[in-house]
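J.: I have a structure I would like to understand better, so I am pasting it below and will then ask my questions one at a time.
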Amino acid sequence: MLRSMTGFGRGEYEKDGLHATVEIRSVNHRFLELVVRISRPYFSLEEKIKERVQQDIARGHLDIYVNIEDRRGKKRNVKLDKELVLAYYNSLKEMAKTLNIDFQLKVNDLAQLPDALVVEESEEDLDEVWSVVEKALAEGMAHLSEMRTREGARLCEDLILRKNRIAGYVEEIKKRAPLLSEELRNRLKSRLQTLLDDCEIDENRLAAEVILFAERSSITEELV
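Just so you know, we're using full-length UniProt numbering here: the sequence shown kicks off at 1 and counts up by one.
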């Protein structure tokens, strides 16, 4: 099956609020050249994307655009800095003792102290992201393959049409080829007769010249 190297494919997939869109543009190239464009937090997925594409594509220049949208909202964790809170507590207790005042402290008071509670964003689960990107990529690759196949079929039809047209020209030339020597002889004789006017032409010499010229003008090899 003839396939074109030019094509475009697009795929989308979403799971639990994680959405991925993949667009692939392919053009002719002697070797396989892959360019992946993906946002910085997901750079580590680039090699996986290339490996997946190489399973189906052997040649061509491919630009692969990957867009990932996390619609789940950021996952955050609140972390208690135990050592810092304990240090606050001991320092405040010592302060009360020094000032000779009652030491009365509530949890809410400690929670409002700087850095006692730290809000951290949970790390991205790249395996989960890849499972979504992979499905979008597979869909994009399938659409790319379909387009390349359609384009290849169109090119094949065009090549067959051109081949048949050339074959027709070759047959016409083959039919006329045997007449070439006689046509050359008559044309050469006519020109010589005009130049020499009333002088007699040596038919044997004329025939030899025609044969030599015909051999030099032979198109037999081109027709094979």
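C-beta atoms are modelled at their ideal positions from N, C-alpha and C, and glycine is treated no differently.
Quick one: grab the DSSP three-state call for Ala20.
T.: Working through the sequence shown from its first residue, we reach residue 20 at position 20. Residue state, collapsed to three classes: strand.
J.: My assumption, with CB atoms under 8 Å, is that His29 sits in contact with Glu69. Please give the rounded CB distance.
T.: Here residue 29 refers to the residue found at position 29 of the sequence shown. Here residue 69 refers to the residue found at position 69 of the sequence shown. Between Glu69 and His29 the Cβ distance is about 31 Å, and since that is not below 8 Å, they are no contact.
J.: Roughly how many whole angstroms lie between the Cα atoms of Ala96 and Val119?
T.: Sequence index remark: in the sequence shown, residue 96 carries index 96 (1-based). Sequence index remark: in the sequence shown, residue 119 carries index 119 (1-based). In a straight line, the C-alpha of Ala96 is about 30 Å away from that of Val119.
J.: Would you list the residues sitting across from Lys15 in a DSSP beta bridge?
T.: Within the sequence shown, the letter at position 15 stands for residue 15. Partner(s): Leu18.
J.: Measure the Cβ-Cβ separation of Lys50 and Val36 and say whether it is below 8 Å.
T.: Working through the sequence shown from its first residue, we reach residue 50 at position 50. Working through the sequence shown from its first residue, we reach residue 36 at position 36. Cβ distance < 8 Å, so Lys50 and Val36 count as in contact.
J.: For a quick check, are the C-beta atoms of Ile64 and Val53 less than 8 Å apart?
T.: In the sequence shown, counting from the first residue as 1, residue 64 sits at position 64. In the sequence shown, counting from the first residue as 1, residue 53 sits at position 53. Yes, these two residues count as a Cβ contact at 8 Å.
J.: Compare the C-alpha of Leu32 against each of Gly9, Lys79, Ala116 and Met5 and name the closest.
T.: Sequence index remark: in the sequence shown, residue 32 carries index 32 (1-based). Closest by alpha carbon: Met5.
J.: Cβ of Leu137 within 8 Å of Cβ of Val22?
T.: Numbered from its first residue, the sequence shown carries residue 137 at position 137. Numbered from its first residue, the sequence shown carries residue 22 at position 22. Yes, the Cβ-Cβ distance between Leu137 and Val22 is below 8 Å.
J.: Going by DSSP in three states, Leu105 sits in which element: helix, strand or coil?
T.: Sequence index remark: in the sequence shown, residue 105 carries index 105 (1-based). If DSSP states are grouped into helix, strand and coil, Leu105 belongs with coil.
J.: Rounding to the nearest angstrom, what Cα-Cα distance links Gly7 and Lys174 in this structure?
T.: By one-based count along the sequence shown, residue 7 stands at place 7. By one-based count along the sequence shown, residue 174 stands at place 174. Between Gly7 and Lys174, the C-alpha separation is close to 41 Å.
J.: I need the boundaries of the beta strand (DSSP E) containing His29, first residue and last residue.
T.: The count along the sequence shown starts at 1 and reaches residue 29 at position 29. First-last for His29: undefined, no H or E at that position.
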